[in-house]
Amino acid sequence: MQQSAGSLRGKITRRRMLTLAASIAAVPAIAQECRLGPPPHHRGPPVFMDYDQVELDASYDQAYYEPLIGQVSQRLASNSEAMRTRIGAPQRVAYGPTGIEKLDIYRTNRANAPIFVFIHPGNWLVGAAKDYGYPAEMFINAGAHYVALDFIAIKEAGGNLGVMAAQVRSAIAWVYKNAATIGGDPNRIYIGGHSSGGHLCGVALVTDWQKEFGLPSDIVKGGLCMSGMYEMAPVQLSWRRTYVNFTDAMADAMSPQRHIERLVAPIVVTYGTFETPDFQRQSRDFAAAVQAAGKPVQLIEASNYAHLEMVESLGNPYGPNGRAALSLMKLSSK
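So for the sequence shown, my numbering puts the first residue at 1147; every next one is plus one.
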């Protein structure tokens, strides 16, 4: 016989509640813990600093530290679709000769507006500009254009990070040369990237624009390096070497921290406290190296943010990255 809700409630006495609370308290804390980090293993010899191979690999694989990373990734894509239903599709433009070398331009109504160029994440393996359109609404409302880049994936590039970096640099150069045609100010171009895109952002920030493109050395007026990698030595030893064909020359060229002397623009470096240990260390060390070189840098530690949650916050004017971007560009949210 089905019992009524009232009779069921009557059986939940204070005594039963106290008994239940006591039983929960008696369960070891470790059983209630959501375990993050490398899988249980017999610790091996150190490979980098005090990490063994399993620990280093896990520190370069965000899935070990962000259990819901797949769901967050899907949310970024659906938020981007929802945003486009509100403000319309972007202008899709080619910046280079190959099919992937295109960018999405979300335009604000303000004339001669500043431009924020975004470099997407994805372990260098995946990612698309369309799935990172969601921050556009915030930038447009603040009076800035938002440009999201597409570029070659690492496997199609033969494992060469330099090919990816060259396309990102070419895209930024295109934005500078064509800023006026999209109603933008070529003297107010800012760039940002997250994770592997944060790495490529760092590489772009230490570009010799005059030597490589015949452009002024200061075409980028500020950089937002979000949860990135700036020294390739540990990455070269991690599981990522299975799809990146690291050479010592490429590791050197693709390590922004080794080329800070070429850094011209002020930068902001951000990371979340729920990210992997070495991603956190990379951000702290990079900011410290820039500061030691006497160049302008701000380090932002976002408490209780995981990896993809950090890039999601770029679309929120009150989130750590959204606030940092607007501050860097000297804009305010409306």
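The beta carbon of each residue, even a glycine, is placed where N, CA and C say it ideally should be.
- The C-alpha of M1229 is placed about 9 Å away from the C-alpha of P1281.
- Per DSSP, the beta-bridge partners of L1445 are V1415.
- Just so you know, the alpha carbons of F1285 and G1190 end up roughly 47 Å apart.
- Rounded to the nearest whole angstrom, the C-alpha separation of L1445 and S1429 is 8 Å.
- If you check the CB distance, Y1389 and H1345 do not come in under 8 Å.
- For G1468 against S1478, the beta-carbon gap comes to about 12 Å, at or over 8 Å, which does not count as contact.
- Scanning the stretch 1242 to 1278 from its first residue to its last, the whole beta strand (DSSP E) runs of 3-plus residues come out as 1248 to 1252, 1259 to 1265.
- R1253 is not a Cβ neighbour of G1374, given a cutoff of 8 Å.
- Residue nearest to C1371 within the set S1219, G1348, E1358, A1275 is G1348 (criterion: CA-CA distance).
- Excluding its 5 nearest sequence neighbours in each direction, Q1237 has C-beta neighbours in its own chain below 6 Å: I1251, listed in chain order.
- Its chain contains I1251, Y1252, R1253, T1254, A1259, P1260, I1261, F1262, F1285, I1328, G1329, G1330 as the residues whose beta carbon lies nearer than 8 Å to that of H1291, once the 5 sequence neighbours on both sides are disregarded; these appear in chain order.
- For R1315, the closest alpha carbon among the candidates G1304, A1326, L1295 is that of L1295.
- CA-to-CA, the gap between L1182 and V1200 works out to about 13 Å.
- Excluding five sequence positions before and after A1204, the CB atoms of its chain that fall closer than 8 Å to its own CB belong to G1183, P1184, P1185, Y1210, Y1211, T1422, given in chain order.
- Nearest C-alpha to T1419 among M1456, A1438, A1411: M1456.
- Burial state of K1357 is exposed, judged by a 10 Å Cβ sphere holding fewer than 16 other Cβ atoms.
- By the C-beta density criterion, P1192 is exposed, having fewer than 16 other C-beta atoms within 10 angstroms.
- CA-CA distance, A1452 to G1245, rounds to 33 Å.
- Per DSSP, the unbroken beta strand (DSSP E) holding L1370 starts and ends at 1366 to 1372.
- Around A1275, the same chain offers L1249, D1250, H1266, A1294, L1295, D1296 as residues with beta carbons nearer than 7 Å, after the five sequence neighbours per side are excluded.
- A straight-line Cα-Cα distance of about 22 Å links E1407 and S1342.
- In the DSSP assignment, V1410 forms no beta bridge with any residue.
- Cβ atoms of P1380 and L1202 come within 8 Å of each other, at about 6 Å.
- Unbroken alpha helix (DSSP H) stretches of 4 residues or longer found wholly inside the stretch 1190 to 1228: 1199 to 1205, given in chain order.
- When only Cα atoms are considered, V1414 and S1219 end up about 24 Å apart.
- Residue pairing from DSSP places L1295 in a beta bridge opposite L1249.
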